[in-house]
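Residue numbers (full-length UniProt numbering): 1 to 415.
And the structure:
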């Protein structure tokens with residue numbers, strides 16, 4: 001069984017001292033700014049460490065050092081410098097400790113460093129009261145199914161959805177899902193024209209995990225949750241994790257629908273997952289994002305895990321489906337850096353740097369598609385949580401969507 005990330009103490013040790021917080025380094029901040037102008041793609045901390053390691057070097061000598069020396073300290077593994085690209089505000093010692101403590105596993109190290117503690121439902125409602133609250137049905141009805149199934153909460157929940165949820169008539173389903181609460185008493189009925197049902201259809205047609213669940217059951221589940229697609233996807237994750245998929249095909253109402261066969265090694269339904277039909281960017285496209293991003297991603301000898309990086313397409317969007325956490329984070333950090341660098345370059349060419357604020361004015365917003373986490377345990381996306389914490393800690397302006405994030409701009413780094 002795969003172990004979770006190991007927490008480490010993030011302080012102590014001489015190499016954990018942040019040069020940017022060192023009083024003796026403050027007089028070199030001007031030199032640091034000069035280096036940043038020459039090497040905008042380099043992490044601020046890397047440049048600061050280079051300056052601190054060569055206190056007598058001139059700016060010209062420092063430029064040569066940066067050009068000729070990719071790593072200020074050859075004692076750390078290559079993966080530690082990949083982590084430094086993702087977490088430039090952490091010391092090499094801290095990153096190395098996270099990498100080693102987590103068994104030299106990049107995914108676990110990244111999860112530890114972003115403080116990724118996903119908290120969610122561990123399974124089906126495990127009491128009569130929880131089933132009542134989750135389904136919105138009366139206690140007597142819920143108890144009847146529990147008694148029939150001898151206390152099997154998973155089977156009882158699924159049969160409640162199959163037999164007790166009415167899709168209703170679509171004629172009255174005219175209101176928007178905005179402000180439609182989960183426990184809202186207003187009647188909610190099935191309507192293929194509603195955006196949540198169209199999105200559910202997209203998920204079903206493109207996601208192999210969804211195909212393990214009965215399609216009519218999915219529709220009833222969405223109706224029960226009154227159009228809350230997040231709740232629906234979360235429950236699908238619970239059903240799959242608990243291996244109750246076949247139960248969703250039970251009942252007379254599902255006559256004629258067969259349980260799909262599990263995909264063999266030759267059938268990769270998820271190989272072309274593109275759940276969201278993201279619109280193409282406008283006139284100003286980030287034409288260098290894909291080329292630069294792919295160029296800098298190191299080949300660690302695991303082609304399978306790195307191949308999804310080729311899905312960085314659409315120029316102003318990146319799709320992280322089917323990627324490991326570390327590769328997804330690396331692709332995200334590079335795309336973000338190139339996206340904002342393009343905005344900065346446009347501002348320089350426009351000649352009015354001080355005129356613009358924190359929101360991107362020249363480049364289209366960057367869309368980071370993380371998915372809803374249907375491939376993860378409990379229906380939560382580790383990648384989405386990791387990306388969200390990275391955006392917040394690195395001062396990006398963004399909005400969160402069910403499928404990922406839209407990045408709008410970036411605030412200035414302090415210091």
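All C-beta atoms in this analysis are idealised placements derived from N, C-alpha and C, irrespective of residue type, glycine included.
Assign residue i to buried or exposed, taking buried as 16 or more other Cβ atoms, counted over all protein chains shown, within 10 Å of its Cβ.
i, result
"residue 150", "exposed"
"residue 48", "buried"
"residue 359", "exposed"
"residue 142", "buried"
"residue 54", "exposed"
"residue 41", "exposed"
"residue 392", "exposed"
"residue 299", "With a pLDDT of 36 at residue 299, under the threshold of 50, the modelled position of that residue is not reliable, and no figure is offered here."
"residue 138", "exposed"
"residue 329", "buried"
"residue 205", "exposed"
"residue 187", "exposed"
"residue 381", "buried"
"residue 404", "buried"
"residue 227", "buried"
"residue 29", "exposed"
"residue 214", "buried"
"residue 327", "buried"
"residue 104", "exposed"
"residue 323", "buried"
"residue 86", "buried"
"residue 198", "exposed"
How far does the alpha helix (DSSP H) with residue i in it reach, from first residue to last?
i, result
"residue 244", "No alpha helix (DSSP H) contains residue 244, which DSSP labels as neither H nor E."
"residue 114", "Note, residue 114: premise wrong, no alpha helix (DSSP H); not H, not E."
"residue 318", "Note, residue 318: premise wrong, no alpha helix (DSSP H); beta strand (DSSP E) at 317 to 319."
"residue 80", "78 to 86"
"residue 226", "Here residue 226 belongs to no alpha helix (DSSP H), and DSSP marks it neither H nor E."
"residue 388", "382 to 393"
"residue 334", "325 to 350"
"residue 128", "128 to 135"
Locate the beta strand (DSSP E) running through residue i, then write down its first and last residues.
i, result
"residue 401", "396 to 401"
"residue 405", "404 to 410"
Specify the secondary structure class of residue i as computed by DSSP and reduced to three states.
i, result
"residue 166", "coil"
"residue 279", "Because residue 279 carries a pLDDT of 29, less than 50, the predicted location of this residue cannot be relied on, and the following value inherits that uncertainty. Residue state, collapsed to three classes: coil."
"residue 189", "coil"
"residue 253", "Summary for residue 253: the model assigns pLDDT 46, below 50, so the residue's position carries little reliability, and this model does not support an answer."
"residue 150", "coil"
"residue 67", "helix"
"residue 42", "coil"
"residue 366", "strand"
"residue 359", "strand"
"residue 235", "helix"
"residue 56", "coil"
"residue 213", "coil"
"residue 23", "helix"
"residue 195", "helix"
"residue 104", "coil"
"residue 124", "coil"
"residue 138", "coil"
With respect to 6 Å, is the separation between the Cβ of residue i and the closest non-hydrogen atom of the ligand MG below this value?
i, result
"residue 54", "Judged by which ligands are present, the structure shown has none, so any question about the ligand MG falls away."
Can you list, in chain order, the residues of its chain whose CB lies under 7 Å from that of residue i, leaving out five sequence neighbours each side?
i, result
"residue 79", "99 and 106"
"residue 410", "340, 358, 395, 396 and 397"
"residue 406", "365, 367, 398 and 399"
To which residues of the same chain is residue i closer than 8 Å at the C-beta, ignoring the five residues directly before and after it?
i, result
"residue 217", "158, 161, 162, 248, 249 and 254"
"residue 332", "318, 320, 368, 387 and 390"
"residue 65", "50, 54 and 57"
"residue 346", "284, 361, 362 and 363"
"residue 167", "189, 190, 219, 220 and 223"
"residue 35", "42, 47, 50, 51, 59, 62, 63 and 66"
Excluding the five sequence neighbours on either side, which residues of its own chain have a C-beta within less than 6 Å of the C-beta of residue i, listed in chain order?
i, result
"residue 27", "none"
"residue 33", "none"
"residue 110", "325, 326 and 329"
"residue 370", "320, 381, 383, 384, 387 and 404"
Query raised in the report: Taking contact to mean at least 3 C-beta pairs separated by less than 8 Å, is the region 227 to 246 in contact with the region 122 to 139?
Result: yes
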